[in-house]
Amino acid sequence: MQSLISRPWLWAWLAAIAVFALSIALSGASQAGGLLYAALSFGAFAAIVGIGQMLVITLGPGNIDLSIPAVMTLAGTLALKAMDGAPGTALLGLGVALLVGLGCGAANFALIRLLRLPPIIATLAASLLYQSLAIWSNRGLRIKPPAALADFATGRTLGVPNVALIGVLLALVVWWLLERGLWGRWLLATGQNPRAARLAGVPVERVRASAYLSVALLAGLTGFLLASFSGGAALNMGQQYLLLSIAVVVIGGTSIAGGFSNVPGVWGAALFMFLVVSMLNAYGFDAGARMMLTGMIIIGIVIAANARRRRA
Amino acid sequence: MNTSQPVEAVVALRGVHKQFGAVRAIDGIDLTLAPGECVGLVGHNGAGKSTLVNLINGTLKPSRGEIDSHVTRGGRGSAIRSVFQELSLCPNLSAAENLRIAHPTLKGLGWRRRAGAEIRASLDQVFPGHGIDTDARVDTLSIAQRQMIEIAIGFAPRGGQARLVILDEPTSSLDAGIAEQLLAYVERFCAEGGTVVFISHMLGEIFRVASRIVVMQDGRVVAERASQDFDRDSLVDAMGHVAQHAPSADRRRDAEGASTAGAGASGETVIEDAAGLSARRGEIVGLAGLAGHGQAEALARLYFAGTSGWRAPRQPRMAFVAGDRGRDGVLPLWSILRNLSLSVLPAGARRGAVDRHAEATLGHDWQQRIGIRSDDLGNPITSLSGGNQQKVLFARALASSAPIVVMDDPMRGVDVGTKQEVYALIRAEADAGRTFLWYSTETEEVCQCDRVFVFRDGKISAELSGAEISEERILAASFEMQEN
């Protein structure tokens, strides 16, 4: 039983380790530390939005949040604007980013619940709105984050990137909620069969609302961290996280059919995704070949993981 | 009967064993099924009946032993057909399209029309006057209608001929009238040389149709005799439970006598809805009538209106026991324990955390109380037989502190002995002040209630209480409006 549960996340981690070893084989052991540091830094952003996406996907078929990139961009943009590079405003910026996240999450859920739109349509349509708001408020200016905040976002504690520490901490919190918490039980029950869950007394509407708020909140936080990390908000900063947030959930072993989450797998998959791209870079593939190979590797991993699970 | 004649067997099992991991589901069975006989197969939940069915129809291969057959067995062209208690139709397809799935040679232009004609012919034959729209999506039909379609597909020619039809709890969601049509058809089918294996917990039906009765216990055949050599008591004895003489009526009368002055009759009204359904504290209210006449919908409406999708109070107002396990009850990815404890969790939670120690204790208690057959509650719920899954759902609702328990035909697939235990449990809980709303397709169960609402065409056609509750009165009220 224990090994059956651990199998899905093991795959993502094995794949990440294998790709890491291949990269080191090419570049030499001296690069290992640098590569690992970069993987932890960039992987953290994918892991945080991935954990959010995982919560929504766990709600069951049809549940997904496609507004993650737009929420990231809007939160990053508005937070930097509010701080305006002034020292000592980091908490203000964080507050703005989280509020933007909450607002977008509430708007997403309102569209889904009140207008009864399928989540895929509701969040896609809403993301156009959020992106427009970001464009409108940004107007091409690039505000730098406060120096102390930028130092924190790019800095390290005990040799580990600060953003990775935040990502691990969030992963632990969500893992606890799912494994030990009442809310986790409710989420997993809702994902397996919402009608049966409701008939068993699970407050399914509250669970759905909280999942959509959580993913937007995490996207807002990631936008804030990424903008601070990369020296300013850019309108395309969230772009790659649409595919990435879904890919890390699927590779990480969470069930697309809902009702089964896997937190450690998301982190493993996030590291794997970064390492694959950097390895293909190191081997000198051009952008087209890189994307094709990335896509094929994702498909391969998902097939392998699923075949394993079916046999179990 | 046919058993004594030297005819070639449709299927013969010799020394068959089947193991799933460490579990011995079938432990050495010899069984011969001859043309023209109807074999009644009985046994408790988890005795191995469903596994035996899957061995006979070729879905499973035996771990040891041989299975011989002179008809096509296994695969889609099989002359051996199985109809399961777990409904297996595709809900997004029509009856005709579902027939096509089991009939691979139906091809080319106009297949849908020919499939429709075939399923209608089969339905007309088994259930004359069924009134089912064979072009309607299956999920728009009632559970009884779905079961009827499944049975009709089992008996349909499908490019060949059904030689052996295995009916696993076919009548559990059918009302008495429809069930009687099926029994009559089974008799005709056997008289024409077909073979039927009939699995049921309703012993009356077994005696009615079976020429031979096979009793299973723990994966073995413990008794096998012509049906006239059994009576109800000896059959229940053979199944391994102490025979209990229908205590229902007496117990109700007693309870009534004792409680007329107490909570039962004079308790305050706790439920009253626009449709006219009402219940008092400590009362067991039955919902009766022909299957699919709005009872399940009325209960679901009541439950959804009385509870919220936003709040989960420590003491829920209502608990629900599902009859349609797959749709309304079981969470298939979870263990037995997690399925059982779901409704109780809010009451035991501390600062958002599940109290896992209390959860384990609760699971252990209820496993003892209601007899869930599993050595480890950490096993997946799907490892249990249908009747045992039903017990888990019962425990889920009864373990909660909800003052009102809503039960939507909850005894489907539960064996006789457990039923009696659950009846006693319900009566004890009601005497302690709990209110039960109980829809059942079995008149025997409805007759245990303090008050009965009979449904007809989605509306209440009669309200019976106390001594008025009888099979005749219920049947009369079920059909009343139809005669006009």
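So the sequence lines, in the order shown, correspond to chains A and B.
The opening position of the first sequence corresponds to residue 144 in the working numbering, with each subsequent residue numbered one higher.
The opening position of the second sequence corresponds to residue 70 in the working numbering, with each subsequent residue numbered one higher.
Idealized CB from N, CA, C, for every residue including glycine.
> Between B/Arg465 and chain A, is there a C-beta pair that is closer than 8 Å?
Replying inline: yes
>> If you reduce the DSSP assignment to three classes, tell me which class A/Trp318 lands in.
In response: helix
> Going along chain A in order, which residues have a C-beta closer than 7 Å to the C-beta of B/Asp397?
Replying inline: Arg338, Ala339 and Leu342
> Helix or strand or just coil, what does DSSP make of B/Gln364?
Replying inline: helix
>> With DSSP as the reference, identify every bridge partner of B/Pro449, one or two as the case may be.
In response: B/Ser404
> Would B/Asp478 be called buried (16 or more neighbouring beta carbons within 10 Å of its own) or exposed?
Replying inline: buried
> In angstroms, rounded to a whole number, what distance separates the CA positions of B/Asp302 and B/Val85?
Replying inline: 29 Å
> Closest Cβ-Cβ distance between B/Ser412 and chain A: below 8 Å?
Replying inline: yes
>> Could you check whether the Cβ of B/Val423 sits closer than 8 Å to any Cβ belonging to chain A?
In response: yes
> In terms of alpha-carbon separation, which member of B/Leu124, B/Glu238 and B/Gly223 lies closest to B/Arg232?
Replying inline: B/Gly223
> A/Val345 versus chain B: which residues are under 8 Å apart at the beta carbon?
Replying inline: Ala381 and Leu411
>> Assuming the contact rule is C-beta atoms closer than 8 Å, B/Glu238 and B/Ile268 should be a hit. Round their C-beta distance to whole Å, please.
In response: 6 Å
> Just reading off the beta strand (DSSP E) that B/Phe522 is part of, what are its end residues?
Replying inline: Arg520 to Arg525
>> Please state whether the Cβ-Cβ distance between B/Val475 and B/Met387 is less than 8 Å.
In response: yes
>> Please classify B/Lys176 as buried or exposed, where buried requires at least 16 other C-beta atoms within 10 Å of its C-beta.
In response: exposed
>> If you follow the alpha helix (DSSP H) that B/Asp306 is in, where does it begin and where does it stop?
In response: Arg301 to Met308
> Can you name the residues of chain A whose CB is closer than 8 Å to the CB of B/Phe196?
Replying inline: Under the 8 Å cutoff, chain A gives no residues; its nearest Cβ is about 29 Å from B/Phe196.
> Bridge partners of B/Ala295, per DSSP?
Replying inline: B/Arg281
> Looking at the structure shown, is B/Ala332 part of a helix, part of a strand, or coil, going by DSSP?
Replying inline: Note that B/Ala332 scores a pLDDT of 40, beneath 50, so its modelled location is shaky; the value from the coordinates is reported in the next line. Helix, per DSSP.
> How about the region 231-248 of chain A and the region 276-293 of chain A: do they share at least three Cβ pairs that are nearer than 8 Å?
Replying inline: yes
> What is the DSSP secondary structure of B/Gln384, counted as helix, strand or coil?
Replying inline: coil
>> Can you check whether the C-beta of A/Arg256 is within less than 8 Å of a C-beta belonging to chain B?
In response: no
> Which whole-angstrom value describes the C-beta separation of B/Gly117 and B/Asn457, a residue pair presumed to lie in contact below a C-beta threshold of 8 Å?
Replying inline: At roughly 13 Å, the Cβ-Cβ gap does not stay under 8 Å, so B/Gly117 and B/Asn457 are not in contact.
> If we call anything under 8 Å between Cβ atoms a contact, is A/Ala307 one with A/Ser184?
Replying inline: yes
>> Just checking B/Gly527 against the ligand COA - is the residue's beta carbon closer than 7 Å to any of the ligand's heavy atoms?
In response: By its list of ligands, the structure shown contains no ligand whatsoever, and the ligand COA lies outside what it can speak to.
> For A/Thr216 versus A/Leu378, is the C-beta distance shorter than 8 Å?
Replying inline: yes
> Which full runs of the alpha helix (DSSP H) of 4+ residues lie inside the region 260-314 of chain A, going along the chain?
Replying inline: 262-281 and 290-297
> How would you call B/Thr128, buried or exposed, if buried means at least 16 neighbouring beta carbons within 10 angstroms?
Replying inline: exposed
>> Between the alpha carbons of B/Gln286 and B/Thr430, how many angstroms are there, rounded?
In response: 29 Å
> What residues from chain B crowd round A/Trp318, counting only those whose CB sits closer than 9 Å?
Replying inline: None at all; the shortest Cβ gap to chain B is about 13 Å.
> In chain order, which continuous runs of the beta strand (DSSP E) of length 3 or greater are located wholly inside the region 416-500 of chain B?
Replying inline: 473-477
> Can you list, in chain order, the residues of its chain whose CB lies under 8 Å from that of B/Ser404, leaving out five sequence neighbours each side?
Replying inline: Leu446, Gly447, Asn448, Pro449 and Ile450
> Alpha carbon to alpha carbon, what distance is there between B/Tyr254 and B/Glu135?
Replying inline: 31 Å
> Residues of chain A with a CB under 7 Å from the CB of B/Tyr372: which are they?
Replying inline: Leu342
>> I believe B/Arg383 touches B/Ala416 by the beta-carbon criterion, under 8 Å. Please report the beta-carbon distance rounded to the nearest angstrom.
In response: 5 Å
>> Just to confirm before moving on: does the CB-CB distance between B/Asp342 and B/Leu371 stay below 8 Å?
In response: yes
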